[in-house]
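> Throughout, our numbering is defined as the position within the sequence shown, counted from one, plus 1399.
Backbone N, C-alpha and C define an ideal beta-carbon position, used for all residues, glycine too.
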Amino acid sequence: MTKPKPAARYYNSDSVIFPAVYLFKSTIKMQAWLLVACAAALATLAVAQKPGRFLSLPNPQKCASRPKEFFYRGHNYFYSGHVPALANRKVDWLDGRNICREYCMDLVSMETQEENNLIFKLIQQNDVPYIWTSGRLCDFKGCENRKDLEPKNVFGWFWSANREKLSPTTQIPNGWGYNPWSQTGHKKQRQPDNAEFDINGTSESCLSVLNNVYNDGIAWHDVACYHEKPVVCEDSDELLNYVASTNPGLRL
Ligand SMILES: *[C@@H]1O[C@H](CO)[C@@H](O)[C@H](O)[C@H]1NC(C)=O
Ligand SMILES: [Ca+2]
1400 MTKPKPAARY YNSDSVIFPA VYLFKSTIKM QAWLLVACAA ALATLAVAQK
1450 PGRFLSLPNP QKCASRPKEF FYRGHNYFYS GHVPALANRK VDWLDGRNIC
1500 REYCMDLVSM ETQEENNLIF KLIQQNDVPY IWTSGRLCDF KGCENRKDLE
1550 PKNVFGWFWS ANREKLSPTT QIPNGWGYNP WSQTGHKKQR QPDNAEFDIN
1600 GTSESCLSVL NNVYNDGIAW HDVACYHEKP VVCEDSDELL NYVASTNPGL
1650 RL
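1) Where DSSP assigns a beta bridge to residue 1477, which residues make up the other side?
2) Where do the N-terminal and C-terminal ends of the beta strand (DSSP E) with residue 1500 fall, by residue?
3) Tell me the rounded alpha-carbon separation between residue 1627 and residue 1607.
4) Can you tell me the Cβ-Cβ gap for residue 1533 and residue 1629, rounded? I've got them flagged as a contact below 8 Å.
5) Is residue 1594 close to ligand 2? I mean its beta-carbon at under 7 Å from any heavy atom of the ligand.
6) Buried or exposed: residue 1495, going by 16 or more other Cβ atoms within 10 Å of its Cβ?
7) Could you check which residue in 1621, 1623, 1562 and 1537 has the C-alpha nearest to that of residue 1510?
8) Give me the residue from 1502, 1647, 1537 and 1623 with the minimum Cα distance to residue 1557.
9) Taking Cβ positions, are residue 1624 and residue 1506 nearer each other than 8 Å?
10) Count the other CB atoms, across all protein chains shown, that sit within 10 Å of the CB of residue 1576; report buried if there are 16 or more and exposed otherwise.
11) What do you get for residue 1572, buried or exposed, if any count of 16 or more other CB atoms within 10 angstroms of its CB means buried?
12) Closer than 7 Å to a non-hydrogen atom of ligand 2 - does that hold for the CB of residue 1622?
13) Any heavy atom of ligand 2 closer than 7 Å to the Cβ of residue 1590?
14) Helix, strand or coil for residue 1618 per DSSP?
15) From the DSSP output, in three-state form, read off residue 1532 for me.
16) Buried or exposed for residue 1430, going by 16 or more other Cβ atoms inside 10 Å?
17) How about residue 1542 and residue 1503: do their beta carbons lie closer than 8 Å?
18) Can residue 1603 be considered in contact with ligand 2, in the sense that its beta carbon sits closer than 7 Å to one or more heavy atoms?
19) Can you give me the Cβ contacts of residue 1580 inside the same chain, cut-off strictly under 6 Å, excluding the 5 residues immediately before and after it?
20) Grouping DSSP H, G and I as helix and E and B as strand, with all else coil, what is residue 1527?
21) Can you tell me whether residue 1584 sits near ligand 2, meaning its C-beta is under 7 Å from at least one heavy atom of the ligand?
22) If the criterion is Cβ atoms closer than 8 Å, does the pair residue 1457 and residue 1609 meet it?
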């Protein structure tokens, strides 16, 4: 197992790129957002004097030739294990987002049961052991003083790709027939259980779909973000719109 990276790096990179004021607001303009992101990145680099970890910007050529394994409701998806250049790569959560983002995609977000079933089916049919999703706990700088996110283990989760909140973790989401969070895990408790925090203080702040790791079928788990996993990428409207508007004529 590789040496874990300090959890603070995730908080830093998230709070720099996604100040919580932007969370759950989809109205933000991409150009303004990029300016903020770049300014913040430069400022932090200048202060820190060492490379930080940041969200990657999309690469127009990669966006135009992005892998399209399947299509659902206006979005393309792919599993990294099925892309020759990525087939053997397992990455931490932020690197996972960045792999996707260079293709104008982001880690997958399952807002509906139908979409979740598609991802579960992909995992089952291909014997995928686990994947990263864009699900993230709002536990970094800027998430304080948000009464609506308390308690964090119930109300504090959101999809990073579009900054939409998840349903409360203790409930069957509206319109779903089951709760996608596992009923068990390391502590034999329902998820999210933040189990690694109890072991050594590392928060389980990222959402992974695990395939029967705890004899629990395919289900959602909170997992520490440094773990290395393959990814499922999903088209990002935000990044596609941005690259389309800045590259007239590019076929996406
Ligand atoms: C925490 O515990 C996990 C599981 O035993 C281990 O893989 C990880 O390296 C530990 N992290 C730290 C920071 O000690
Ligand atoms: Ca867990």
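Walking through what the data contain:
1) In the sequence shown, the residue the question calls residue 1477 occupies position 78. According to DSSP, residue 1477 bridges with 1632.
2) As a first step, residue 1500 must be located in the sequence shown, where it is residue number 101. The continuous stretches of beta strand (DSSP E) do not include residue 1500, which lies in the alpha helix (DSSP H) extending over residues 1492–1501.
3) Position 228 of the sequence shown, counted from the first residue, corresponds to residue 1627. Position 208 of the sequence shown, counted from the first residue, corresponds to residue 1607. Taking the straight line from one Cα to the other gives about 11 Å.
4) As a first step, residue 1533 must be located in the sequence shown, where it is residue number 134. As a first step, residue 1629 must be located in the sequence shown, where it is residue number 230. About 14 Å; that fails the 8 Å criterion.
5) As a first step, residue 1594 must be located in the sequence shown, where it is residue number 195. In this structure, residue 1594 has its CB closer than 7 Å to one or more heavy atoms of ligand 2.
6) The residue given as residue 1495 occupies position 96 in the sequence shown. Buried, by the Cβ-count rule.
7) Numbered from 1 along the sequence shown, position 111 holds the residue referred to as residue 1510. Nearest option by C-alpha distance: 1562.
8) As a first step, residue 1557 must be located in the sequence shown, where it is residue number 158. Minimum Cα distance to residue 1557 is reached at 1537.
9) What you label residue 1624 is simply residue 225 of the sequence shown in a count that begins at 1. What you label residue 1506 is simply residue 107 of the sequence shown in a count that begins at 1. Against a cut-off of 8 Å, the Cβ pair of residue 1506 and residue 1624 comes out as no contact.
10) Position 177 of the sequence shown, counted from the start, is the residue given in the question as residue 1576. Under this definition residue 1576 is an exposed residue.
11) Start at 1 with the first residue of the sequence shown, and residue 1572 comes out as number 173. Answer is buried; the Cβ neighbour count reaches 16.
12) On the sequence shown, position 223 is the one that residue 1622 refers to. Yes.
13) Looking up residue 1590 in the sequence shown gives position 191. It does: the Cβ of residue 1590 is within 7 Å (strictly closer) of some heavy atom of ligand 2.
14) As a working mapping, residue 1618 is identified with position 219 in the sequence shown. Strand.
15) Taking the sequence shown and counting its residues from 1, one reaches residue 1532 at position 133. DSSP places residue 1532 in strand when its eight states are reduced to three.
16) Here residue 1430 refers to the residue found at position 31 when the sequence shown is read from its first residue. At residue 1430, the pLDDT of 46 sits below 50, so the modelled position is not reliable and the matter cannot be decided from this model.
17) For the purposes of this step, residue 1542 is identified with residue 143 of the sequence shown, where counting begins at 1. For the purposes of this step, residue 1503 is identified with residue 104 of the sequence shown, where counting begins at 1. For residue 1542 and residue 1503, no; Cβs fall outside 8 Å.
18) As a first step, residue 1603 is located in the sequence shown; it is residue number 204 there, counting from the start. Placement of the Cβ of residue 1603 at a distance of less than 7 Å from at least one heavy atom of ligand 2 is found.
19) Within the sequence shown, the letter at position 181 stands for residue 1580. 1568, 1590 and 1619.
20) Position 128 of the sequence shown, counted from the first residue, corresponds to residue 1527. Residue state for residue 1527 is assigned as coil, using DSSP reduced to three classes.
21) The residue labelled residue 1584 in the question sits at position 185 within the sequence shown. Yes, Cβ of residue 1584 sits closer than 7 Å to a heavy atom of ligand 2.
22) Locating residue 1457 in the sequence shown gives position 58, where the first residue counts as 1. Locating residue 1609 in the sequence shown gives position 210, where the first residue counts as 1. Result no, Cβ atoms of residue 1457 and residue 1609 do not sit closer than 8 Å.
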